Amino acid sequence: MRSPAPEREGDDTLVWNVACPTRPSSVPGVAMAGFSDRGRLPEGQRLIPHPAVTLVLDFGPAPPVVDAADGRRHRGSLVAGLGLGGALWARGDDLACVQVRLSPVTAGAALGVRPDELEGAVVPLDALWGRDAARIGERLGEAASWEERFALTDALLARRCAAATPANAVDPEVNRAWDRLVASRGRARVERLADEVGWSRKRLWSRFRAQVGMGPKRAAKLVRFDHAAHRLAAGHDTARVAAEGGYTDQSHLHRDVVAFTGVTPTGVARASFLTVDETAWPTLPLGGVNAGKTV
Numbered sequence: 166m167r168s169p170a171p172e173r174e175g176d177d178t179l180v181w182n183v184a185c186p187t188r189p190s191s192v193p194g195v196a197m198a199g200f201s202d203r204g205r206l207p208e209g210q211r212l213i214p215h216p217a218v219t220l221v222l223d224f225g226p227a228p229p230v231v232d233a234a235d236g237r238r239h240r241g242s243l244v245a246g247l248g249l250g251g252a253l254w255a256r257g258d259d260l261a262c263v264q265v266r267l268s269p270v271t272a273g274a275a276l277g278v279r280p281d282e283l284e285g286a287v288v289p290l291d292a293l294w295g296r297d298a299a300r301i302g303e304r305l306g307e308a309a310s311w312e313e314r315f316a317l318t319d320a321l322l323a324r325r326c327a328a329a330t331p332a333n334a335v336d337p338e339v340n341r342a343w344d345r346l347v348a349s350r351g352r353a354r355v356e357r358l359a360d361e362v363g364w365s366r367k368r369l370w371s372r373f374r375a376q377v378g379m380g381p382k383r384a385a386k387l388v389r390f391d392h393a394a395h396r397l398a399a400g401h402d403t404a405r406v407a408a409e410g411g412y413t414d415q416s417h418l419h420r421d422v423v424a425f426t427g428v429t430p431t432g433v434a435r436a437s438f439l440t441v442d443e444t445a446w447p448t449l450p451l452g453g454v455n456a457g458k459t460v
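Take any residue in the sequence shown, note its place counting from 1, add 165, and you have its number in the working numbering.
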């Protein structure tokens, strides 16, 4: 298990104990980390959108409370669609969970519902898995170590992927287009992706939207935003982030940041949850962007 980052005197942003698996998931496009709070989340934390579908498996003494961008409040295990549906606000005490980040081209098989059916929203896990959601929470709570919890989670997702129906499969062309967007940090010209995969633009847009959960242009914006958000959190100058991140100017960056989070680039730079990503997702670029074939 990877140790959490050392706490610095006077630093109130490091409120999480973070655990990482010692080996990657056996399921392509899946990464996971374990979180438990340090008893300092009464006012909550803003969660910044990232280019993955998120599965939270709660097993702590008290369930987390998540306020979604659409105004709904959720407790306990949940699934959040690609980009979290906007910034979320999480709070609670004595929290413990396994968080899984799934590539959108893997999520349909693992969850049993395609990302477009989630429509970017937050959904209680029991609405998707029924009683199985409570069972996995109980098993995680009974596990003796984080490694055992990761192994249980990995085995569960592997079984679900093996039993997935063709309805949740992703076309190789869509998988390739997603990989290109991730590899280019959202800077690949979407207009050229159709030519690269051998489809018409209309077909690529339709199939990509149906299987990934958002159109390719918005997906590219989300991947590009993720890269920019982490650079802002690392202390890089806004003008430099915009110039090197593929934005036309600072105003362009500002508009995209506000559109995804509801706050300015300065607000995103202060989002403390971004600071744990380097610890929680050390094998993934930036904030845990999963390519379709590798982790």
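Glycine included, every Cβ here is placed at the ideal spot set by N, Cα and C. Because the structure is a prediction, the values reported are computed rather than measured.
Checking the DSSP bridge columns, you'll see Gln415 has no partner listed. Closest option to Asn333, judged by alpha-carbon separation, among Gln264, Thr403, Arg372, Ala434: Arg372.
Listed in chain order, the non-local C-beta contacts of Ala272 below 7 Å within the same chain comprise Val218, Pro280, local neighbours out to five positions each way being set aside. For Val231, the CB contacts under 6 Å within the same chain, skipping 5 residues up- and downstream, are His239, Leu253, Ala255 in chain order. In the displayed model, Ala255 falls within a strand according to three-state DSSP. Counted as a single uninterrupted DSSP element, the alpha helix (DSSP H) harbouring Ser371 occupies residues 366 to 377. The alpha-carbon separation between Ser268 and Arg396 amounts to approximately 22 Å. Judged by DSSP secondary structure, Gly273 falls within the alpha helix (DSSP H) whose first and last residues are 269 to 276.
Per DSSP, Asn182 lies in no alpha helix (DSSP H); the unbroken beta strand (DSSP E) holding it starts and ends at 181 to 184.
In this structure, Ser242 sits near Val221, with a CB-CB distance shorter than 8 Å. Membership of Phe390 in the alpha helix (DSSP H) is indicated by the continuous run 381 to 398.
In the three-state reduction of the DSSP assignment, Arg405 falls in the helix class. For Gly199, the three-state secondary structure derived from DSSP is strand. Here Lys367 is exposed: its Cβ has fewer than 16 other Cβ atoms, across all protein chains shown, within 10 Å.
In this structure Glu338 is buried. Its beta-carbon is surrounded by 16 or more other beta-carbon atoms within 10 angstroms.
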